[in-house]
Amino acid sequence: MSEKSYDLIVIGSGPGGYVCAIRASQLGMKVACVEKRDTLGGTCLNIGCIPSKALLSTSEKYHEAKDGFAEIGIKAGKIELDLKGMMKFKDSVVGANTKGIEFLFKKNKIDWLKGTGVIKAKDIVEVGGTEYKTKNIVIATGSDVVSLSGIEIDEKRIVSSTGALELDSVPKEMVVIGGGVIGLELGSVWSRLGANVTVVEFQDQILPGMDGEIRKEAGKIFKRQGLKFKLSTKVTSAKASTKGVDLTLEPAAGGKAEKLSADIVLVAVGRKAYTDALGLENVGVEVDERGRIKTDQHFKTNIEGIYAIGDVIAGPMLAHKAEDEGVVLAEILDGQSGHIDYNLIPGVVYTWPEVASIGQTEEQLKESGIKYKTGKFPFMANGRARAMNALDGFVKILADAKTDRVLGCHIIGPEAGTLIAEVALGMEFGTSAEDIARTCHAHPTLEEVVKEAALAVDGRPIHV
Ligand code: FAD
Ligand code: NAD
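Okay, so the sequence shown: first residue is 1 according to this note's numbering, each after it adds one.
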């Protein structure tokens, strides 16, 4: 029986869903958001971006106090890890953020329908046995962990990112399967806290998809920090016992197998679209070969009135991509026009140093035959970076050889994730490297490295 009717029901309260719900409500729509988790905010706030960044921040502070303070003239005495306290802080950060979304829902008069949302018809969503009528449905059900065949994630010995955010002791030996974003961020956390971490990566370099030079530099820096890498290698089996995990590794191209053992194994080989129990079959919503919901440029599925955004559709699995799609879709539903430039979605890896990227990589430009100029500048030659004792890395700007328009920027270094914002804004407005080079940058700041890289595009950096 239909109880209440809405203009819009959003299924899933992650960054895609909750942002879409808020924007739609701001535009005057009557909105409900269905969430089956006990708290709002989705993967990002509960078991993703936020808890991982809390642990990255606290483990970084611990590591610096323990190993970095002496170098800069601070005697801190005996530094001890209070892992329980660190986890408690992380949980409090998650709690404050998820409660914040609850507050925003109340403020924007969005109903939270608690439970699993099942699409019964193109205008009906059922939650906990009650049917709700709606003009439009937005699917924002996100993604879930990918496991490897024959390797069972028990979240105790063999963990996904979710388990790796909750370990109750520091493992002596930790193997991370996958040298992507999660593997490096969470591998860094546990390495800083004292674990011997070995990253097994199928490809010949870590961080697939990033600019080649950045990938190489990242590998060098992380190795120096103590992470071990087994590249061009795949894990073919991992068996957990009460004592630990026994793994078998093989060269990616085939060959002699080797054995490895660990206390904890983190499986971080990607995520997949999540549409379980959603009822797509009830209305015939189409998915692609990877189980992602198919949409057009305006996020419309093959069924009138049903839309999808975020990790559950194609594109980078990033919170800010999901958020932007949520805003644009709400505005489209309001009759406005909207568009996202997928080339201008920054990607950031929150290791130390951070890695950040926007636009095209050098490899992509070569492949498409675009002629480009490169400007590179090292943090080592920047006064502020020296003052911070943070000398690793560089900024690299790629600009069109003829027009000087910036086509990509790739940074490895302190605050890379913050520095990329200037270039993102510039690229949104079609900036040239010369525009960035002629913009006055405060001194002494890390931003000056971006300016110098822009000057280097024209072969005229000042400080090298
Ligand atoms: P999700 O956040 O996955 O939310 C979907 C929600 O839908 C979930 O809460 C789920 O319970 C709910 N749901 C699903 N089905 C139903 C149903 N039928 N009924 C009711 N509710 C349902 N991205 C970044 O940009 N920066 C980062 O630093 C970052 N760090 C990450 C760290 C980790 C460890 C992980 C795992 C991911 C990280 N990500 C990061 C990725 C980011 O979390 C996702 O891209 C983002 O959460 C996707 O948002 P979404 O709204 O599409 O889906
Ligand atoms: P990923 O795609 O970044 O990395 C997975 C890695 O596993 C790849 O390098 C791949 O080559 C490797 N791999 C695959 N199969 C393998 C095998 N059998 N043996 C060894 N290596 C193997 O995926 P992820 O790190 O799991 O992250 C999932 C998603 O979450 C990503 O799409 C990412 O965008 C998102 N995320 C983003 C952030 C951030 O923005 N800072 C942080 C965490 C997660």
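For each residue, glycine too, the CB sits at the ideal point set by N, CA and C.
For H298, same chain residues with a beta-carbon under 6 Å away, outside a window of 5 residues either side, are I332 in chain order.
Counting only residues of its own chain and dropping the five nearest sequence neighbours on each side, G42 has a CB closer than 7 Å to the CB of G12, S13, G14, P15, G17, G142. Annotation: the continuous alpha helix (DSSP H) that includes F105 extends over 83-107. Between the alpha carbons of G383 and L446 lies a distance of about 8 Å. Under the Cβ criterion (8 Å, minimum of three pairs), the stretch 311-327 counts as touching the stretch 270-285. The C-alpha of E415 is placed about 21 Å away from the C-alpha of L407.
Secondary structure remark: continuous beta strand (DSSP E) runs of at least 3 residues inside the stretch 355-401, in chain order: 372-378, 394-400.
Within the model, the alpha-carbon separation for D204 versus A252 is close to 9 Å. As summarised for the stretch 25-84, the continuous alpha helix (DSSP H) elements at least 4 residues long and confined to that stretch are 42-47, 49-63, given in chain order. In this structure, G180 has its beta carbon less than 7 Å from a heavy atom of the ligand NAD. Counting along the chain, the unbroken alpha helix (DSSP H) around K321 starts and ends at 319-333. Taking the Cβ of F202 as the reference point, at least one heavy atom of the ligand NAD falls within a distance shorter than 7 Å. For T301, the shortest C-beta to heavy atom distance toward the ligand FAD is 7 Å or greater. Under the DSSP assignment, W112 falls in the beta strand (DSSP E) whose first and last residues are 111-114. Contact annotation, V267 with I110: C-beta distance approximately 35 Å; criterion of less than 8 Å not satisfied. In the displayed model, G408 falls within a strand according to three-state DSSP.
Membership of T301 in any alpha helix (DSSP H) is not indicated, and neither H nor E is assigned to it by DSSP. By the beta-carbon neighbour count (other beta carbons within 10 angstroms, threshold 16), T361 is buried.
A Cβ-Cβ distance of about 5 Å is found for the pair A456 and F377, placing them in contact under the 8 Å criterion. Between I101 and G95, the alpha-carbon positions lie close to 10 Å from each other.
Using a Cβ distance threshold of 8 Å, V127 and I177 do not count as a contacting pair. Only buried fits E201, as 16 or more other CB atoms lie within 10 angstroms of its CB.
Distance between E258 and M174, taken at the CA atoms: about 16 Å. Not one heavy atom of the ligand FAD falls within 7 Å of the beta-carbon of R292. For R405 and G291, the gap between their C-alpha atoms comes out near 37 Å.
In this chain, the beta strand (DSSP E) harbouring G117 covers 117-121.
Counting of Cβ neighbours within 10 angstroms places S52 among the buried residues, the total reaching 16 or more. Here A21 has V10, V31, C33, I110 as same chain residues with Cβ atoms under 6 Å from its own Cβ, once five neighbours each way along the sequence are excluded. Residue side-chain check: Y350 places its Cβ nearer than 7 Å to a non-hydrogen atom of the ligand FAD.
Contact between I264 and R157 holds, with the beta-carbon distance rounding to 6 Å and staying under 8 Å.
Remark: three or more beta-carbon pairs, one from each stretch, lie closer than 8 Å, so the stretch 350-369 and the stretch 416-424 are flagged as touching. At a Cβ-Cβ threshold of 8 Å, I412 and I214 count as neighbours. According to the DSSP assignment, L425 belongs to the alpha helix (DSSP H) that extends over 416-428.
S432 is bridged by DSSP to R405.
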